[in-house]
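Protein chains in written order, with the working numbering: chain A, 1 to 849; chain B, 850 to 1182.
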């Protein structure tokens, strides 16, 4: 993109009344909007000199229509000045700091000079006026008046109310030099301009009226407010001209002040908000800017865009992780601009000539005119068609798009994919890229943005492409990684007993797109490890202990130590850690992002085939511990109950040992919690033992594919202690959770211990207790998302300007150094985990050989 | 290329945003639970509440905790460690005495408990001295009863004085309300306390001052200086994340801590701290307190030089980060 002009800086200042009048293209004199023919009244609030919002009409100032006229300011002459409510604090500060008689600052001349000098030399900002201690003005020796501010806009001098005119005269008389000392720049902001004599009226396009279905017009809140101001202003004028008593005039003046105050901010404290006829408070200027839905956060920090699409996502493991499946209907709707050059002119012509997908939707001529490609326009376009034209053609395979899922909590929530147009109506996503987006397919929707220029496209492809994001900068480990069934597949495929026939091996390798068949290593058969090794780069050397090492008793089990030597799997069955992290990360670091992507694509294809052919299922039987164990379990629970009862007895006899720092009651709770958690632990070991390692549910838990041992325990043995605020259940009735229990029963069952398993089903009281715990976690989740969201917003806002500079120092936008070297060592967290050398033992073996 | 330069961070990388995301994103997965240090303090905030506490730079943590490591000769035996712990633990008057008011006579009676005095190892006269130091007027000490006759006669003030007297510091280190001797991983004993008083404990000869640790970052800044506080912040943030099994690179925590401490004092993340001091008017207006910032900018005739990220997004220009950081050095034309 060619940058022709850039905004260098923005100056903030106040408008003087003269400036407002000069800027204004219309003086508003009528407190009304449209006449009976719904034509804007001249001198009214919808005056045609302030721009147009009705189709067909033309702006009297610039001649533009709704689309072309940006709107122009108008102004209202207030008969009596009023105070700008947002500046009342500033005005108060100035009044307090200056003399009511000579209007000088309440400081000695040399003090003023000293402060002025310091401000000019930029040594100190905003020095505070130390005028409070004085009782008389150092310049004219007048007694200092006591100034009070009654919010929002009333000033009192020695207990007497000051009229805005008085205030203005005072402010106007303060010399420029003194104002500089107070931190003002009098050239841009004279304090008397904070008193409004001419009120700016925003252009009509800022406050458009809407026409309802009934044909009635509904004016914008700002217009309503301006009408109010105008009405009272006119009444005030009439009364003054008629020589009405001062009291009435002041009342009306006060009313103008009220309307102006609410016009600026309808949430000003101490005054009632102005309301719409329906009783809804009006949304005035301040409300338009403020907060999450205000102009700044809603329209300026975040903008709506064209060339975007949104729909439901569904999984497709057959496309690459860097692709996204796009339905035909979306691809036909969206366009990509292609600049016509002598190299691609034939291709571009093809799009223009085509009648069906993929075709050109629009053509932009070198003069900037955009022409819709229709059957009739086609010929005319082609007569002058050539380099310099831009063709907007429909989306095709290989186009670059951005894909996003909200909430966009980290940078991998938006990544660059390449297009794959597919039948169907949903966006298709490889399940391997679910973790960075935190997506699942229970109805999630995602957004798609089509990149519209070369610069953006290159940047997106180099920085945001999925495979460049495989390693998360958060911890330097893979965040895009195969999970769940892929891990199960990897385990079953690479474990010692996995063997495949020649035809099976061919099939699997074909899935991965490999046509070379290695020599069988087990007689006629091929081991899974051998086939899997075909996917690994030759440079790969890994030696890690498997997650299973502790799980299985025999330490010399060939599956528990994973050794990969020069890209050949020597031993070990893969589990989540070795597959997702060790292998994937090493490939990423040694062979690059694209190879890592290929590895993921290819290995998932193969593993998916493995797991679908072998099958992996979980049934009720997986959670049966058998009659004998069930009996044991009951005995264990009885023991536990007895232990709890014993502890309660001790408590009642006061023989219970007190834990340090706890009351007797708390000690009891602590002890019971210990007993119950011990019971669950022993239930756990029992479940683990009786279900055995051949149990698919246990295997999945152990290799980190899906589920945990806790899930198995809760389903097979017992659900265990329920808690609210990390304590046993106590809420409900007096001394009990439910009326089914005796009052003050401290026993396990009465305080939320669930003896049943999910398999046997919960008793009614247990069910209730379980929902108590469930409720708490739901509430916590809701609170947590809100709190962590705000924390993250604050973190981002505080740290967003910090960037690594050429010397590796981290600085903010002002250039202030935050770190002399990023992270103390200048290392990228993504690359910090690179292992520079082969594992010790593999190296030694190599040396020996 | 050497390994070192291979691992080097790229120039222009928006490390601030990455750090903020890396710390913020796991926030959604954190628990709200409080942690229970058995015997010392219950309900020590961990997880998200603690992280927010750190980032807010509160004056004092909700539950200050100290880990006091002892010099070799005390750390080896549990008994010696316990003796030190006992010395350190703060004893207040209501622990060694029974304090009650006599509203009729308008006086406060403090009945000392000899057994408690003995276990705490304090003499009655000493207690009386401390009481005198606070109450000042008319303190009589007879055997085990100290009588205080307040000068004010209003019942409310008497009650107020009584409550103050109950908290009179008799012995030990102030603010250390509880101690517990814990056996560390290395087999040595250390003391964990509820309440924190770094300055006093630094002077204790039995304490290994080099390892003395408090979770009160502000106190660390006051006593040991801003660089110590920065390190404490990094450690605390990292610890909170680690406890939740959330893997976050320390570099992100370091950047956050450095940003908070770069001004020489701990500044909070938010409108009263770092975000409130940003250069750009628009950036501040877009964060919080929109109108206030615009009004101030107008009265002072401020300039927004559009050097930050938010400002440039607002006016629709390239953001000065990453590729956008590159500028032409020579002005053409």
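Every residue gets a Cβ at the ideal spot worked out from N, C-alpha and C, and that includes glycine.
Query, Result
"Do we get a CB-CB distance below 8 Å when we pair residue 1070 of chain B with the residues of chain A?", "no"
"List the DSSP bridge partners of residue 162 of chain A.", "A/155"
"Around the Cβ of residue 140 of chain A, are there at least 16 other Cβ atoms within 10 angstroms (buried) or fewer (exposed)?", "exposed"
"In whole angstroms, what separates the C-alpha of residue 850 of chain B from that of residue 428 of chain A?", "Bear in mind that a pLDDT of 47 at residue 850 of chain B, under 50, signals an unreliable position, so the model cannot answer this."
"Just mark residue 353 of chain A as buried or exposed, buried being the case when its beta carbon has 16 or more other beta carbons within 10 Å.", "exposed"
"Please identify the residue among A/331, A/561 and A/376 whose C-alpha is closest to the C-alpha of residue 420 of chain A.", "A/331"
"So, do the stretch 768-779 of chain A and the stretch 1101-1110 of chain B have three or more beta carbon pairs nearer to each other than 8 Å?", "no"
"Excluding five sequence neighbours on each side, which residues of the same chain lie with their C-beta closer than 6 Å to the C-beta of residue 1143 of chain B?", "1134"
"So for residue 413 of chain A, helix, strand or coil by DSSP?", "helix"
"Can you tell me which of A/540, A/602, A/511 and A/572 puts its alpha carbon nearest to the alpha carbon of residue 497 of chain A?", "A/572"
"What does residue 1103 of chain B reach in chain A if we use C-beta pairs closer than 8 Å?", "819, 823 and 824"
"Nearest by alpha-carbon distance to residue 333 of chain A: which of A/356, A/341 and A/319 is it?", "A/356"
"When burial is assigned at 16 or more other CB atoms within 10 Å of the CB, is residue 1178 of chain B buried or exposed?", "exposed"
"Which value, in whole angstroms, describes the spacing of the CA atoms of residue 829 of chain A and residue 926 of chain B?", "43 Å"
"Whole angstroms are fine: how far does the CA of residue 658 of chain A sit from the CA of residue 1032 of chain B?", "20 Å"
"Just to confirm the assignment: which complete beta strand (DSSP E) runs, minimum length 3, are found wholly within the stretch 39-109 of chain A?", "74-83"
"Using a beta-carbon distance cut-off of less than 8 Å, what residues from the stretch 1046-1071 of chain B approach chain A?", "none"
"Skipping 5 residues on each side, what residues in its chain have a beta carbon closer than 7 Å to that of residue 476 of chain A?", "829, 830, 832 and 833"
"Along chain A, in chain order, which residues have C-beta atoms closer than 7 Å to that of residue 1119 of chain B?", "794"
"Measure how close the beta-carbons of residue 239 of chain A and residue 151 of chain A come, nearest whole angstrom, since I'm counting them as under 8 Å.", "Between residue 151 of chain A and residue 239 of chain A the Cβ distance is about 27 Å, and since that is not below 8 Å, they are no contact."
"What three-state label does DSSP hand residue 1178 of chain B in the structure shown?", "coil"
"What separation, rounded to the nearest whole angstrom, lies between the Cα atoms of residue 430 of chain A and residue 416 of chain A?", "14 Å"
"Can you pull the chain B residues whose beta carbon is under 7 Å from the beta carbon of residue 444 of chain A, in chain order?", "Result: empty, since nearest Cβ-Cβ is about 16 Å, beyond 7 Å."
"Could you list which residues in chain B have their beta carbon closer than 7 Å to that of residue 737 of chain A, in chain order?", "Under the 7 Å cutoff, chain B gives no residues; its nearest Cβ is about 21 Å from residue 737 of chain A."
"Determine the extent of the beta strand (DSSP E) in which residue 916 of chain B is found, giving its start and end residues.", "914-918"
"For a cutoff of 8 Å on Cβ pairs, would you count residue 19 of chain A as touching chain B?", "no"
"Just reading off the beta strand (DSSP E) that residue 1084 of chain B is part of, what are its end residues?", "It is not in any beta strand (DSSP E) - residue 1084 of chain B instead sits in the alpha helix (DSSP H) that spans 1075-1092."
"Can you have a look at residue 1137 of chain B and say buried or exposed, based on whether 16 or more other CB atoms are within 10 angstroms of its CB?", "buried"
"For residue 147 of chain A, does the three-state DSSP call read helix, strand or coil?", "strand"
"Indicate whether residue 409 of chain A and residue 792 of chain A have their beta-carbon atoms separated by less than 8 Å.", "yes"
"Are the C-beta of residue 1084 of chain B and some C-beta of chain A separated by less than 8 Å?", "no"
"Output the boundary residues of the beta strand (DSSP E) element that contains residue 990 of chain B.", "988-991"
"If distances are taken between C-alpha atoms only, which option among A/531, A/249, A/749 and A/489 comes closest to residue 519 of chain A?", "A/531"
"Just the chain B side, please: which residues come within less than 8 Å of residue 785 of chain A by C-beta, in chain order?", "877"
"Within 10 angstroms of the Cβ of residue 1164 of chain B, are there 16 or more other Cβ atoms? Answer buried if so, exposed if not.", "exposed"
"Tell me which same chain residues have a C-beta within less than 6 Å of the C-beta of residue 973 of chain B, skipping the five on either side of it?", "961"
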